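Please read the structure below before turning to the comments.
Numbering (this note's numbering), first residue to last: 190 to 275.
Here is the structure:
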């Protein structure tokens, strides 16, 4: 399952996210979105958890939780049919 995390502190990195989400299951991918010029975090990240039940548990447990002084928003990414067709 693909997961979007928003409202992240700029101090959070990929390893922080993997550690936090791994409590609920396997994390196959985690990436904090960074500015190309400054490399500063843009306050959001993408994760992938292959087990849907574990991902749902992580989303339910972590959405609205406080990390480094900021309330994270955690949600499943749902793609619309044909969204990426040219």
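Beta carbons: idealized from backbone N, C-alpha and C, even for Gly. Please read these numbers as outputs of a predicted model, since none were measured by experiment.
| said: If I measure Cβ to Cβ from residue 238 and keep anything under 8 Å in the same chain, skipping five residues before and after, which residues do I get? | reply: Along the chain shown, one-based indexing puts residue 238 at 49. Within the same chain, residue 238 has close Cβ partners 190, 192, 210, 213, 214, 215, 216, 217, 244 and 247.
| said: So the candidates are 241, 263, 240 and 255; which of them puts its Cα closest to the Cα of residue 249? | reply: Indexing the chain shown from 1 puts residue 249 at position 60. Of 241, 263, 240 and 255, the residue nearest in Cα terms is 263.
| query | By Cβ distance below 7 Å, which residues in the same chain neighbour residue 231 in space, the five residues on each side in sequence not counted? | reply | The residue labelled residue 231 in the question sits at position 42 within the chain shown. Closer than 7 Å at the Cβ level, and outside the excluded window around residue 231, lie 222, 223 and 224.
| said: Mapping the DSSP letters down to three states, classify residue 228 as helix, strand or coil. | reply: Numbered from 1 along the chain shown, position 39 holds the residue referred to as residue 228. Residue state, collapsed to three classes: coil.
| Straight-line gap, residue 234 to residue 270 (C-alpha atoms, nearest Å) | Taking the first residue of the chain shown as 1, we reach residue 234 at position 45. Taking the first residue of the chain shown as 1, we reach residue 270 at position 81. Taking the straight line from one Cα to the other gives about 23 Å.
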